[in-house]
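Protein chains: 2
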Amino acid sequence: MSDLNLSCPTPLARYPAVVMAHGGGGRLMRDLIEGVFVRAFGSPRDAALHDAASLDPAGTAPHGLAFTTDAYVVRPLFFPGGNIGELAIYGTANDLAMAGARPRWMSAAFVLEEGLSIATLLRVVEAMRKAASDVGVEVVTGDTKVVERGRCDGMYITTSGVGVLSHDLPIGPAAVCQGDAVLVSGDVGRHGIAVMAEREGFQFGTTIQSDCAPLCAPVLDLVTGGIEVHCLRDLTRGGLASALVEIAEAARVTVAFQDQSVPVDQAVRGACELLGFDPLHVANEGRFVAFVPEPQSELALSLLRRHPVSAGAVQIGTVRATGEGIVLAETIGGERPLDMLSGELLPRIC
Amino acid sequence: MSDLNLSCPTPLARYPAVVMAHGGGGRLMRDLIEGVFVRAFGSPRDAALHDAASLDPAGTAPHGLAFTTDAYVVRPLFFPGGNIGELAIYGTANDLAMAGARPRWMSAAFVLEEGLSIATLLRVVEAMRKAASDVGVEVVTGDTKVVERGRCDGMYITTSGVGVLSHDLPIGPAAVCQGDAVLVSGDVGRHGIAVMAEREGFQFGTTIQSDCAPLCAPVLDLVTGGIEVHCLRDLTRGGLASALVEIAEAARVTVAFQDQSVPVDQAVRGACELLGFDPLHVANEGRFVAFVPEPQSELALSLLRRHPVSAGAVQIGTVRATGEGIVLAETIGGERPLDMLSGELLPRIC
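If you read the protein sequences in the order shown, they are chains A and B.
The working numbering numbers the first residue of the first sequence as 1 and each following residue consecutively.
The working numbering numbers the first residue of the second sequence as 351 and each following residue consecutively.
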């Protein structure tokens, strides 16, 4: 790659400085990634904007290794149904799972704010230990830095994960085909609403719990259960909408789904109505979409439903046609194109 | 491992909250690591407090893989001789090199502060691209988060690295033997002084350049050149003193070195005298110690001196006796025991 032209690439040029939406999982974040990181380091290895890279050391494990990283900056550190430590383990494990890899090893790097209570740090690290044990992953290396009071927000954690691929499927948008069934693993929107309610002190009658959970077991069941998985994506920042739009655009296909068929918890729907949010755009931390051949849809759903974390799996749509990368939400009145937001509904949810 | 007792372990109990020295590479950081992280995740795999873990996937590359992570929070982002982007690539590559591994793949996770100029981000990422190219490493996966103004300091970068081991040497403190020669790869103290001078606006007549550089080439030359390397450690936070004390304590040996034989640049020595610093405690980012069998010392030095980054390599001491983990600095008047500091001379140098 030749030297970067250090002048600001369009459309980044419209934003001479970082804005919160640059971290939001939407258009602006993609502009930042493409305008800065892809220009420097090239496109992600395997597929358009995938969350893990595959490694291929000579004579490696049968199907190679997957490698991923995520920084966690959620605010507050603890929320109903989870905390930053669980997120840091499950989130990175889930990125490996989305490559069809079994998570094996993790690193954890902490940036700690001067004044953070050690008791809080211990609670978070204990949550990580339990989460790692759940997932069957070993935290094998780490690092700690401390910055002055006011230069962090309690703590930020970056975990990286290495997983072992157990298949030869080219999982990713490029494998998506016309006719594929689009499955979602459960109800959407709980994590974003749970974090926001805790942060802002909102009461919605009932306490909404984050869906924060590891997704490795159901995904590996699909892969080892004979499902010819075409694409997987966990529904984090930007929610279901961003995931579908990213996949549709990368695969150049029309994804059509029935708005009414997307499961949304009643309390989450109520909170979204109060706040003017669309649950399709709200972040999740324990949900994913899977694109599988239509004839295998029922088998895939039955495999997913064996696991509590994906007991609510349903088919929400299909891949209609190829050529144009769009997502259509079918409603009672007709259909509307769905887009990702430019930023995100609320920052720092993971 | 059983559940963590969430009460505060001694000696952490003396500090109910994080203090800057917890990130300083000295005693307090070790207390934090042992009291929090080792309690949760167990001891680092291979050797006492080593900076990289080895991975051992079934049927892997001939000698397995090494895995490491570091968070970079240096202030300011640019300093004479380097910047946070170079540090983030070279520092993590160096941790792999210290395991005798050839760096191959890296991840990069960014926490960006709202308001950071995109031009600054581009300069840093371009520096990373060049540094990665120098080291022969591919940045294959990444992540970006944005936090509100005042919740970061421009940017923090966490890189993780996977390298390929090309040897079967059990490199680490446990391999250190009585009679080993202790080599240092060049003059010490430049990085810490360069960063502090830039941060505080100090003038020392001449601009002191950081030694920030990749160490892979000379280290791999030692390993492939037939040197039976016993231990390697890069001299980052805590400087030469911390590295020697850590190794001596882990290996339970007496390390004796000649104070006068440690190379220190004249300008660095002058700055240290002005500031009351001991160059042995000042951080470096392109220096390491190597413990090798005494009979191979001259060959090892000649291999190191072929590389500009380690052209100033010298033997500074030997491993005298086993049993007690101490470091003795031999001076004209006698010898004094050397200890690591509780914190670090100045925080946020990497």
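All C-beta atoms in this analysis are idealised placements derived from N, C-alpha and C, irrespective of residue type, glycine included.
Keep in mind the model is a prediction, meaning the values are calculated, not measured.
Whole-angstrom Cβ separation of Val292 of chain A and Leu345 of chain A, contact assumed at under 8 Å? Walking along the first sequence from the start, residue 292 of chain A turns up at place 292. Walking along the first sequence from the start, residue 345 of chain A turns up at place 345. Not confirmed; about 29 Å, so no contact.
Of the residues A:Ala256, A:Arg30 and A:Gly201, which one's Cα is nearest the Cα of Gly334 of chain A? Translated into the one-based positions of the first sequence, residue 334 of chain A becomes position 334. The option with the nearest alpha carbon to Gly334 of chain A is A:Ala256.
Return helix, strand or coil for Val612 of chain B, following the three-state DSSP convention. As a working note, residue 612 of chain B is residue 262 in the second sequence. In this structure, Val612 of chain B counts as coil in the three-state DSSP scheme.
Buried versus exposed call for Ser611 of chain B [16 or more other C-beta atoms within 10 Å across all chains shown]: Locating residue 611 of chain B in the second sequence gives position 261, where the first residue counts as 1. In summary, Ser611 of chain B is exposed, with fewer than 16 beta-carbon neighbours lying within 10 Å of its beta-carbon over all protein chains present.
In chain order, each alpha helix (DSSP H) run of at least 4 residues that lies wholly inside the region 477-528 of chain B: none
Please name the residue or residues paired with Gly465 of chain B in a DSSP beta bridge. Within the second sequence, numbered from 1, the residue matching residue 465 of chain B stands at position 115. Answer is none; Gly465 of chain B lacks a bridge partner.
Cβ of Phe417 of chain B within 9 Å of any chain A Cβ: Taking the second sequence and counting its residues from 1, one reaches residue 417 of chain B at position 67. True, the Cβ-Cβ gap to chain A drops below 9 Å.
Own chain partners of Met106 of chain A with C-beta closer than 6 Å, once the 5 adjacent residues on each side are dropped: By one-based count along the first sequence, residue 106 of chain A stands at place 106. Cβ within range, chain order: Val137, Val139, Thr159 and Gly161.
Under the rule that 16 or more other beta-carbon atoms within 10 Å means buried, what is Arg686 of chain B, buried or exposed? Within the second sequence, residue 686 of chain B is the residue found at index 336, counting from 1. Arg686 of chain B comes out exposed.
Answer with buried or exposed for Phe552 of chain B, where buried requires no fewer than 16 other C-beta atoms within 10 angstroms of its C-beta. Along the second sequence, read from residue 1 onward, the residue named residue 552 of chain B stands at position 202. When all chains shown are included, Phe552 of chain B counts as exposed.
Step through the CB atoms of chain B and report whether any lies within less than 9 Å of the CB of Ser107 of chain A. Position 107 of the first sequence, counting from 1, holds the residue named residue 107 of chain A. It does; some Cβ of chain B falls within 9 Å.
Nearest by alpha-carbon distance to Leu519 of chain B: which of B:Gly385, B:Phe417 and B:Ile577 is it? As a first step, residue 519 of chain B is located in the second sequence; it is residue number 169 there, counting from the start. The shortest CA-to-CA distance from Leu519 of chain B to any of B:Gly385, B:Phe417 and B:Ile577 is the one to B:Ile577.
Nearest by alpha-carbon distance to Glu34 of chain A: which of B:Thr574, B:Glu464 and B:Thr491 is it? For the purposes of this step, residue 34 of chain A is identified with residue 34 of the first sequence, where counting begins at 1. When only C-alpha atoms are compared, the closest one is B:Thr491.
Ignoring anything shorter than 4 residues or poking outside the region 265-295 of chain A, list the alpha helix (DSSP H) runs there in chain order. 266-275
Where Pro426 of chain B falls, given that 16 or more other Cβ within 10 Å makes a residue buried: For this step, residue 426 of chain B is matched to residue 76 along the second sequence. Label assigned to Pro426 of chain B: exposed.
What residue range does the alpha helix (DSSP H) around Tyr365 of chain B cover? For this step, residue 365 of chain B is matched to residue 15 along the second sequence. No alpha helix (DSSP H) holds Tyr365 of chain B; DSSP gives it neither H nor E.
Contained beta strand (DSSP E) runs [length at least 3] in the region 182-252 of chain A, N- to C-terminal order: 231-234
Under 6 Å Cβ to Cβ from Gly662 of chain B, same chain only, skipping five residues before and after it: list those, please. The count along the second sequence starts at 1 and reaches residue 662 of chain B at position 312. Cβ neighbours of Gly662 of chain B beyond the five flanking positions: Gly536, Asp537 and Pro613.
For a quick check, are the C-beta atoms of Asp609 of chain B and Asn444 of chain B less than 9 Å apart? As a first step, residue 609 of chain B must be located in the second sequence, where it is residue number 259. As a first step, residue 444 of chain B must be located in the second sequence, where it is residue number 94. Their beta carbons are not under 9 Å apart, which means Asp609 of chain B does not touch Asn444 of chain B by this criterion.
Buried or exposed for Thr557 of chain B, please, with buried defined as at least 16 other CB atoms from any protein chain shown within 10 angstroms of its CB. Position 207 of the second sequence, counted from the first residue, corresponds to residue 557 of chain B. Counting Cβ neighbours within 10 Å, Thr557 of chain B comes out exposed, since fewer than 16 surround it.
Pick from B:Cys622, B:Arg587 and B:Phe638: whose alpha carbon is nearest that of Met690 of chain B? Counting from one through the second sequence, the residue named residue 690 of chain B turns up at place 340. The residue with the shortest Cα to Cα distance from Met690 of chain B is B:Arg587.
Nearest-angstrom Cα separation, counted from Pro629 of chain B out to Gly432 of chain B: Numbered from its first residue, the second sequence carries residue 432 of chain B at position 82. Numbered from its first residue, the second sequence carries residue 629 of chain B at position 279. Each residue's Cα considered, the two are about 20 Å apart.
Report the CB separation of Thr68 of chain A from Leu87 of chain A in whole angstroms; it is logged as a contact under 8 Å. By one-based count along the first sequence, residue 68 of chain A stands at place 68. By one-based count along the first sequence, residue 87 of chain A stands at place 87. The pair is not a contact, with the Cβ atoms about 14 Å apart (cut-off 8 Å).
For chain A, is any of its Cβ atoms less than 9 Å away from the one on Ile597 of chain B? Within the second sequence, residue 597 of chain B is the residue found at index 247, counting from 1. Output row for Ile597 of chain B: interface = no.
Ile118 of chain A vs Ala531 of chain B beta-carbon contact at 9 Å: For the purposes of this step, residue 118 of chain A is taken as the residue at position 118 of the first sequence. For the purposes of this step, residue 531 of chain B is taken as the residue at position 181 of the second sequence. Result no, Cβ atoms of Ile118 of chain A and Ala531 of chain B do not sit closer than 9 Å.
Taking the C-alpha atoms as reference points, what is the distance between Leu515 of chain B and His580 of chain B? As a working note, residue 515 of chain B is residue 165 in the second sequence. As a working note, residue 580 of chain B is residue 230 in the second sequence. C-alpha separation (whole angstroms): 15 Å.
Nearest-angstrom beta carbon gap, Ala300 of chain A and Leu222 of chain A [assumed within contact, 8 Å]: The count along the first sequence starts at 1 and reaches residue 222 of chain A at position 222. The count along the first sequence starts at 1 and reaches residue 300 of chain A at position 300. Sure, about 6 Å apart at Cβ, within 8 Å.
Quick one, are the C-beta atoms of Val309 of chain A and Ala213 of chain A less than 9 Å apart? On the first sequence, residue 309 of chain A is found 309 positions in, with the first residue counted as 1. On the first sequence, residue 213 of chain A is found 213 positions in, with the first residue counted as 1. Contact: yes.
Taking the alpha carbon of Ala600 of chain B as the point to measure from, which residue in B:Ile521, B:Phe387 and B:Val424 has its own alpha carbon closest? As a working mapping, residue 600 of chain B is identified with position 250 in the second sequence. Comparing Cα-Cα distances from Ala600 of chain B to each of B:Ile521, B:Phe387 and B:Val424, the minimum goes to B:Ile521.
Do Gly673 of chain B and Thr574 of chain B have their C-beta atoms within less than 9 Å of each other? Here residue 673 of chain B refers to the residue found at position 323 of the second sequence. Here residue 574 of chain B refers to the residue found at position 224 of the second sequence. Contact: no.
Helix or strand or just coil, what does DSSP make of Ile682 of chain B? Sequence index remark: in the second sequence, residue 682 of chain B carries index 332 (1-based). Ile682 of chain B falls in the coil class under three-state DSSP.
For Val424 of chain B and Val461 of chain B, believed in contact at Cβ under 8 Å, the rounded distance: One-based indexing of the second sequence puts residue 461 of chain B at position 111. One-based indexing of the second sequence puts residue 424 of chain B at position 74. Contact doesn't hold; Cβ gap of about 14 Å is too wide.
Could you tell me which chain A residues have their CB closer than 9 Å to the CB of Phe638 of chain B, listed as they occur along the chain? For the purposes of this step, residue 638 of chain B is taken as residue 288 along the second sequence, with counting starting at 1. Neighbours of Phe638 of chain B on chain A: none; closest Cβ ~18 Å, over 9 Å.
Answer with yes or no whether the minimum CB distance from Cys152 of chain A to chain B is below 9 Å. Position 152 of the first sequence, counting from 1, holds the residue named residue 152 of chain A. Cβ-Cβ to chain B under 9 Å: yes for Cys152 of chain A.
Quick check on DSSP: helix, strand or coil for Leu299 of chain A? Position 299 of the first sequence, counting from 1, holds the residue named residue 299 of chain A. Secondary structure at Leu299 of chain A: helix, using DSSP grouped into helix, strand and coil.
Rounded to whole angstroms, what's the CA-CA distance from Gly325 of chain A to Ala363 of chain B? Just pull it up for me. Within the first sequence, numbered from 1, the residue matching residue 325 of chain A stands at position 325. Within the second sequence, numbered from 1, the residue matching residue 363 of chain B stands at position 13. Taking the straight line from one Cα to the other gives about 57 Å.
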